[in-house]
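Inspection log for the structure reproduced underneath, given as structure tokens.
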Amino acid sequence: MDHLTDNQLLNMMSQSALDDALNAHLADCNECAQRFQALKEPWDVLGQWTLDTPEIDLTDQVLSRVAKNRSIYLKQPQALIRIAASIIIGVGAGSWLGQSVARPVSDEQAAEAMYLDVLTLNSSTGWTAPLLEEGQE
Amino acid sequence: MATWQVHTDEHLVQKIGKGHTQALAELVRRHQQRALHLAFRSVGDWHLAEDVVQEAFLRVNRAASKYTPDAKFSTWFYRIVVNLCMDELRRGQRHSRATTQAMEEGQSFVETPVHAQEVAELQQAVHRALGQLNERERVAVILHRFEGQSHEQIAEIMEASVSAVESLLVRSYRKLRQILADFSNKTPKKTQGPGKSGV
Ligand SMILES: [Zn+2]
Numbered sequence: 033m034d035h036l037t038d039n040q041l042l043n044m045m046s047q048s049a050l051d052d053a054l055n056a057h058l059a060d061c062n063e064c065a066q067r068f069q070a071l072k073e074p075w076d077v078l079g080q081w082t083l084d085t086p087e088i089d090l091t092d093q094v095l096s097r098v099a100k101n102r103s104i105y106l107k108q109p110q111a112l113i114r115i116a117a118s119i120i121i122g123v124g125a126g127s128w129l130g131q132s133v134a135r136p137v138s139d140e141q142a143a144e145a146m147y148l149d150v151l152t153l154n155s156s157t158g159w160t161a162p163l164l165e166e167g168q169e
Numbered sequence: 098m099a100t101w102q103v104h105t106d107e108h109l110v111q112k113i114g115k116g117h118t119q120a121l122a123e124l125v126r127r128h129q130q131r132a133l134h135l136a137f138r139s140v141g142d143w144h145l146a147e148d149v150v151q152e153a154f155l156r157v158n159r160a161a162s163k164y165t166p167d168a169k170f171s172t173w174f175y176r177i178v179v180n181l182c183m184d185e186l187r188r189g190q191r192h193s194r195a196t197t198q199a200m201e202e203g204q205s206f207v208e209t210p211v212h213a214q215e216v217a218e219l220q221q222a223v224h225r226a227l228g229q230l231n232e233r234e235r236v237a238v239i240l241h242r243f244e245g246q247s248h249e250q251i252a253e254i255m256e257a258s259v260s261a262v263e264s265l266l267v268r269s270y271r272k273l274r275q276i277l278a279d280f281s282n283k284t285p286k287k288t289q290g291p292g293k294s295g296v
């Protein structure tokens, strides 16, 4: 039998149900046993780190933030106006950049160039999409 | 009054999309604990972990109206939490603060000074070890070791192939073995959460 693959060793380490043939190989093959041990040691040490968080309940905080966000963007239309203005500037900048560099520039690239990428839907922060959605409700 | 406990996660998200805030409350109750553990182990700071989890639920709320239940809710939700954690890790430089806080909380839980010292040593070692992995390695190990996720589930959460996840895990455990070599024979330890006073 060929030596066990890393993935087989990984599966043997993390799964309680073990394959008999693989187990038999592991018992007979010193090389595989050492490779298995190399994975098992850190696995066991990490397993000693258990957490206990009995008192944390975020329900009220989440619900109050939901309610607050909704009221802010419904009661303060100027916040939406500022966002809309930023987008108009971003789109304008996009078309201006498109003309000046003579190659296609996406809205995202234009926004990024002006540090407005946080306002785009593809931003890693994703902040603006929810703001706009809240306001449209 | 609706009995939200009987609904599946996926059904609750659809209800949230229709404006039922109590459906969101039920989802929070179901998933906050595991999400907090995942976030704390990733970012190493309870307060930051709470922020991450709250933000994850807010994103669920915002996106609920567009949710289509073709993926399991838990996979989708874990992906949101993991992405927020990785954003925090990239923002970086929190390890020293995280280690200090985790050690203090570990020490507040223990019964004897000897035990306290062992907990502190283990906390420090685990944080230092995880801190030496890049954010993808770290999150993959946390999902694998502590959240009991299969290779396939981790791949789905991290939006990677199964083989890429397996390579990532093997590489990560090998790195961790070198860093954690001195802690292979220690006894089980527990770290306490911040509780009400710490929130
Ligand atoms: Zn072998």
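Protein sequences, first through last, are from chains A and B.
Quick note: the first sequence, position 112, residue 144 per the working numbering, numbers continuous.
Quick note: the second sequence, position 193, residue 290 per the working numbering, numbers continuous.
Note that beta-carbon positions come from the ideal geometry of N, C-alpha and C, so glycine has one too.
Under 8 Å by Cβ, that's how I've got residue 228 of chain B and residue 161 of chain B pegged, so tell me the actual separation to the nearest angstrom. Position 131 of the second sequence holds residue 228 of chain B. Position 64 of the second sequence holds residue 161 of chain B. Residue 228 of chain B to residue 161 of chain B, Cβ: 35 Å. No contact.
I'd like to know whether the C-beta atoms of residue 154 of chain B and residue 106 of chain B end up nearer to each other than 7 Å. On the second sequence, position 57 is the one that residue 154 of chain B refers to. On the second sequence, position 9 is the one that residue 106 of chain B refers to. Not closer than 7 Å, so no.
Quick check on residue 79 of chain A: buried or exposed, where buried means 16 or more other Cβ atoms within 10 Å of its Cβ? As a working mapping, residue 79 of chain A is identified with position 47 in the first sequence. Classification for residue 79 of chain A: exposed.
Note down, in chain order, every chain A residue with its Cβ under 7 Å from the Cβ of residue 158 of chain B. For this step, residue 158 of chain B is matched to residue 61 along the second sequence. Chain A residues near residue 158 of chain B: 98.
Ligand 3 and residue 212 of chain B: does any heavy atom of the ligand fall closer than 6 Å to the residue's C-beta? Summarising the ligand content, the structure contains ligand 1 and does not contain ligand 3.
Residue-chain proximity (residue 111 of chain B, chain A), Cβ-Cβ < 7 Å: Indexing the second sequence from 1 puts residue 111 of chain B at position 14. Answer no: the Cβ-Cβ gap between residue 111 of chain B and chain A never drops below 7 Å.
Excluding the 5 residues preceding and the 5 following residue 280 of chain B in the sequence, name in chain order all residues of the same chain whose CB lies nearer than 7 Å to its CB. Numbered from 1 along the second sequence, position 183 holds the residue referred to as residue 280 of chain B. Hits under 7 Å: 219 and 222.
Taking the alpha carbon of residue 53 of chain A as the point to measure from, which residue in A:67, A:34, A:71 and A:70 has its own alpha carbon closest? Taking the first residue of the first sequence as position 1, residue 53 of chain A is located at position 21. The option with the nearest alpha carbon to residue 53 of chain A is A:34.
Environment of residue 241 of chain B [buried if 16+ CB atoms lie within 10 Å]: Translated into positions along the second sequence, residue 241 of chain B becomes position 144. The residue is buried, with at least 16 neighbouring Cβ atoms inside 10 Å.
Just jot down, in chain order, the residues whose CB lies closer than 6 Å to any heavy atom of ligand 1. A:35, A:36, A:57, A:61, A:63 and A:64
Any C-beta of chain B under 7 Å from that of residue 73 of chain A: Within the first sequence, numbered from 1, the residue matching residue 73 of chain A stands at position 41. Closer than 7 Å: yes.
Return the CA-CA distance between residue 226 of chain B and residue 100 of chain B, expressed in angstroms with no decimal places. The residue you call residue 226 of chain B lines up with position 129 of the second sequence. The residue you call residue 100 of chain B lines up with position 3 of the second sequence. Cα-Cα distance, rounded: 45 Å.
Along the region 113-136 of chain B, what residues have a CB closer than 8 Å to any CB found in chain A? 118, 121, 122, 125, 126, 129, 130, 133 and 134
Coarse secondary structure for residue 83 of chain A, derived from DSSP in three states: Working through the first sequence from its first residue, we reach residue 83 of chain A at position 51. DSSP places residue 83 of chain A in strand when its eight states are reduced to three.
Give me the subset of the region 255-274 of chain B whose CB atoms are less than 7 Å from a CB atom of chain A, sorted by chain position. 263, 266, 267, 270, 271, 273 and 274
For residue 206 of chain B, the three-state DSSP class (helix, strand or coil): As a first step, residue 206 of chain B is located in the second sequence; it is residue number 109 there, counting from the start. Low local confidence applies: a pLDDT of 38 at residue 206 of chain B is under 50, so the model's placement there is unreliable, with the coordinate-based value given in what follows. Residue 206 of chain B: helix per DSSP, three-state reduction.
Comparing the C-beta of residue 93 of chain A with each C-beta of chain B, is any distance below 7 Å? By one-based count along the first sequence, residue 93 of chain A stands at place 61. Yes, residue 93 of chain A lies at the interface with chain B (some Cβ there is under 7 Å from its Cβ).
Which of helix, strand or coil does DSSP assign to residue 88 of chain A? In the first sequence, the residue the question calls residue 88 of chain A occupies position 56. In the structure shown, residue 88 of chain A sits in coil (DSSP, three-state: anything other than H, G, I, E or B).
Do residue 141 of chain B and residue 224 of chain B have their C-beta atoms closer together than 7 Å? Translated into positions along the second sequence, residue 141 of chain B becomes position 44. Translated into positions along the second sequence, residue 224 of chain B becomes position 127. Yes, they are a contact pair.
What residues in its chain sit with their C-beta under 6 Å from that of residue 249 of chain B, if we drop five residues either side in the sequence? For the purposes of this step, residue 249 of chain B is taken as the residue at position 152 of the second sequence. The residues are 259.
Shortest alpha-carbon distance to residue 131 of chain B belongs to which of B:253, B:239 and B:217? As a working mapping, residue 131 of chain B is identified with position 34 in the second sequence. With distances taken between Cα atoms, residue 131 of chain B lies closest to B:239.
Would you be able to state if there are at least three C-beta pairs under 8 Å between the region 89-100 of chain A and the region 142-152 of chain B? yes
Can you find a CB in chain A that lies within less than 7 Å of the CB of residue 246 of chain B? Working through the second sequence from its first residue, we reach residue 246 of chain B at position 149. Answer no: the Cβ-Cβ gap between residue 246 of chain B and chain A never drops below 7 Å.
Using a Cβ-Cβ distance cut-off of 7 Å, determine whether residue 39 of chain A contacts chain B. Stepping through the first sequence from its first residue, residue 39 of chain A is reached at position 7. So yes, residue 39 of chain A belongs to the interface.
Check residue 70 of chain A in the structure and name its three-state DSSP category. The count along the first sequence starts at 1 and reaches residue 70 of chain A at position 38. Three-state DSSP puts residue 70 of chain A in a helix.
My guess is that residue 254 of chain B and residue 172 of chain B are in contact by the Cβ rule of under 8 Å, so how many angstroms apart are they, rounded? Locating residue 254 of chain B in the second sequence gives position 157, where the first residue counts as 1. Locating residue 172 of chain B in the second sequence gives position 75, where the first residue counts as 1. Going by Cβ atoms, the distance from residue 254 of chain B to residue 172 of chain B rounds to 6 Å, so yes, they are a contact pair.
Is the CB of residue 36 of chain A under 7 Å away from at least one CB in chain B? For the purposes of this step, residue 36 of chain A is identified with residue 4 of the first sequence, where counting begins at 1. It does not; no Cβ of chain B falls within 7 Å.
Assess contact between the region 67-74 of chain A and the region 262-282 of chain B, defined as three or more Cβ pairs (one per stretch) separated by less than 8 Å. Is contact present? yes
Range covered by the alpha helix (DSSP H) that runs through residue 59 of chain A: Numbered from its first residue, the first sequence carries residue 59 of chain A at position 27. From DSSP, the alpha helix (DSSP H) with residue 59 of chain A extends over 52-60.
Listing by chain order, which chain B residues have their CB less than 9 Å from the CB of residue 65 of chain A? Counting from 1 along the first sequence, the entry for residue 65 of chain A is found at position 33. Residues of chain B passing the Cβ test: none, with the nearest at roughly 15 Å.
Would residue 109 of chain B and residue 123 of chain B be called neighbours here (beta carbons separated by less than 7 Å)? Locating residue 109 of chain B in the second sequence gives position 12, where the first residue counts as 1. Locating residue 123 of chain B in the second sequence gives position 26, where the first residue counts as 1. Yes. Within cutoff.
I need the DSSP call for residue 246 of chain B, collapsed to helix, strand or coil. Start at 1 with the first residue of the second sequence, and residue 246 of chain B comes out as number 149. Coil at residue 246 of chain B, not helix or strand.
Span of the alpha helix (DSSP H) holding residue 258 of chain B? Residue 258 of chain B sits at position 161 when you count from the first residue of the second sequence. It is not in any alpha helix (DSSP H) - residue 258 of chain B carries neither H nor E in the DSSP assignment.
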